[in-house]
Amino acid sequence: MHSEKASWGLKLAAWGGLVFLHFPIAIIFLYAFNTESSGFSFPPQGFTLKWFGVTFARADVLEAIKLSLEVAAIATLIAMLLGTLAAAALYRRHFFGKESISMMLILPIALPGIITGIALLSAFKTLGIEPGLLTIIIGHATFCVVIVYNNVIARFRRTSHSLIEASMDLGADGWQTFRYIILPNLSSALLAGGMLAFALSFDEIIVTTFTAGHEKTLPIWLLNQLARPRDVPVTNVVAMLVMLVTMLPILGAYYLTKDSEGVAGSGK
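Residue numbering for the sequence shown follows our numbering, starting at 3 and increasing by one per position.
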């Protein structure tokens, strides 16, 4: 009989892979509490919360956080609406061109971000729209829709259509069927898709660079900080914040969908 326990070599390889992936993240978390003002001294000289106070006292940091949260929230709401409607239209009906439409919906997440950014900037310039808050939101919504669509259509495919037919046969109208049958079945997939979309929007930088104009989201603020070595401790604190804001929704989405066939964010 084969043992169900993994060999020591396999365990070592697995732990080595985890350390390789997460060591840089752990270092950023460590540096955020470092007393040394240079920010990159190892081992850390001591433990302090000073840099958190310095960070949240800066108006430019707070403005960047506010803008990123605003963009992510609005882009996520747009994505949840459009992604759900697209999934509802495509999950069961068969018609000419359905596969092409499905491919076009998924395409934005497959394209390199720089291509998407150039395409969006060209489209905005052609339409005479100046880069700003609106263009950032539109740019983020293009790939956030895909995340929500993937989650919702996977759940639609596992929802028995007989439940919907039974609801209609028992006298429920379309709204009642949606409210009491469809929405409860979609709720966890929709929430997971929204959480993933929010996380991806919050830390997106490539598309944002082409569509932001003079606006500065938090990732763009971080990029600009690379040329300011005196602000390294503040940069470390902001980097840790970005990682937390993006990591927690992704973990939440994973736990919401881990027992389902459709893995949250599988399109990414």
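For every residue, glycine included, the Cβ atom is placed at its ideal position computed from N, Cα and C.
Quick one: Cα of residue i to Cα of residue j, how far?
i    : j    : result
V239 : I30  : 8 Å
I111 : V148 : 7 Å
N36  : G55  : 13 Å
G254 : A174 : 33 Å
L172 : T179 : 10 Å
S1   : S164 : Here the chain has residues from 3 to 270 only, and residue 1 is not among them.
D62  : T137 : 21 Å
G134 : S9   : 55 Å
A125 : I140 : 11 Å
A59  : L51  : 13 Å
A168 : A143 : 35 Å
K100 : S162 : 21 Å
T210 : I222 : 8 Å
R232 : L113 : 36 Å
L87  : S102 : 17 Å
T237 : A28  : 15 Å
A89  : G11  : 44 Å
W177 : L71  : 32 Å
W53  : R181 : 48 Å
A156 : A191 : 8 Å
Any idea if residue i is buried or exposed, counting beta-carbon neighbours within 10 angstroms, 16 or more meaning buried?
i    : result
L220 : buried
A266 : With a pLDDT of 44 at A266, under the threshold of 50, the modelled position of that residue is not reliable, and the figure given next carries that caveat. It is buried - the Cβ of A266 has at least 16 other Cβ atoms within 10 Å.
W17  : exposed
Residues in the same chain with beta-carbon distance under 7 Å from residue i, minus the five sequence neighbours each way, listed in chain order, please.
i    : result
G269 : Per-residue confidence for G269 stands at a pLDDT of 43, beneath the threshold of 50, marking its modelled position as unreliable; the derived number appears in the next sentence. If we look at G269 and ignore the five residues flanking it on each side, its Cβ neighbours are I108, I111, V148, I149, N152.
G48  : T37
L32  : P46
C146 : A77, T78, A81, A199, L202, S203
G85  : V147, V150, Y151, V154, G195
I275 : An answer regarding residue 275 cannot be provided, because it is not within the stretch 3 to 270 covered by the chain.
Just to confirm the assignment, what range does the alpha helix (DSSP H) spanning residue i have?
i    : result
F204 : 185–204
I139 : 135–160
A174 : Careful: A174 lies outside any alpha helix (DSSP H) and carries neither H nor E.
G119 : 115–129
I30  : 10–33
T210 : 208–213
E65  : 61–92
Taking 6 Å as the cut-off, does the CB of residue i come closer than this to any heavy atom belonging to the ligand NAD?
i    : result
N152 : Because no ligand of any kind appears in the structure shown, any question about the ligand NAD cannot be addressed here.
Between which residues of its own chain and residue i is the CB-CB distance below 8 Å, once the five residues before and five after are set aside?
i    : result
P251 : M197, L198, F200, A201
In chain order, what residues of the same chain lie with their CB nearer than 6 Å to the CB of residue i, ignoring the 5 residues before and after it?
i    : result
L225 : none
G115 : I208, V209
query = Is there contact between the segment 194–205 and the segment 240–253, where contact requires at least three CB pairs shorter than 8 Å?
reply = Yes: at least three Cβ pairs fall under 8 Å.
query = Do the segment 185–192 and the segment 117–133 touch if we need at least three Cβ pairs shorter than 8 Å?
reply = No, the segment 185–192 does not touch the segment 117–133.
ask   = Touching or not, the segment 121–131 and the segment 52–69, by the rule of three or more beta carbon pairs under 8 Å?
value = As far as the Cβ criterion goes, the segment 121–131 does not touch the segment 52–69, which means the pair count is below three.
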